[in-house]
Amino acid sequence: MKQIFPGQGLGRRTFPENGFDEQTFPGRVLRGALGEIKNWQEIASLEDANIHGVIDAPEGFRAWALKNGAVEMAPEEWAAFRGNGYKR
Numbered sequence: 001m002k003q004i005f006p007g008q009g010l011g012r013r014t015f016p017e018n019g020f021d022e023q024t025f026p027g028r029v030l031r032g033a034l035g036e037i038k039n040w041q042e043i044a045s046l047e048d049a050n051i052h053g054v055i056d057a058p059e060g061f062r063a064w065a066l067k068n069g070a071v072e073m074a075p076e077e078w079a080a081f082r083g084n085g086y087k088r
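When the count follows full-length UniProt numbering, it moves up by one through the sequence shown with no breaks and lands on 88 for the last residue.
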């Protein structure tokens, strides 16, 4: 089942035992420790999720996330991006 996390900041949240199949993170800020995440390649969508400041991400996560629609923006740039309706 596809899971969406609307309106939730995911900073400092980890999912050490959970798979990500069919989960989406549209427009979310993904900060914090990601070192124990498993099955992150199965995330359904990272479209416009901000990975700026992600620490301890698994090898390859950053490149994969950016290839799959994530963005990497400093807070000021992120605020402007959101204020513009997530238009690039």
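Idealized CB from N, CA, C, for every residue including glycine.
Computed from a predicted model, the values in this text were never measured in an experiment.
What are the boundary residues of the alpha helix (DSSP H) that residue i is part of?
| i | result |
| --- | --- |
| residue 46 | Counting along the chain, residue 46 falls outside any alpha helix (DSSP H), and DSSP gives it neither H nor E. |
| residue 78 | 75-83 |
| residue 63 | 61-67 |
Apart from the five residues on each side of it in sequence, which residues of its chain come closer than 6 Å, Cβ to Cβ, to residue i?
| i | result |
| --- | --- |
| residue 68 | 46 |
| residue 51 | 30, 65, 70 and 72 |
| residue 80 | none |
Going straight from the alpha carbon of residue i to that of residue j, what length do you get?
| i | j | result |
| --- | --- | --- |
| residue 44 | residue 84 | 24 Å |
| residue 76 | residue 38 | 31 Å |
| residue 78 | residue 57 | 20 Å |
Only counting the same chain, and skipping five residues up and downstream in sequence, which positions put a Cβ closer than 8 Å to that of residue i?
| i | result |
| --- | --- |
| residue 74 | 52 |
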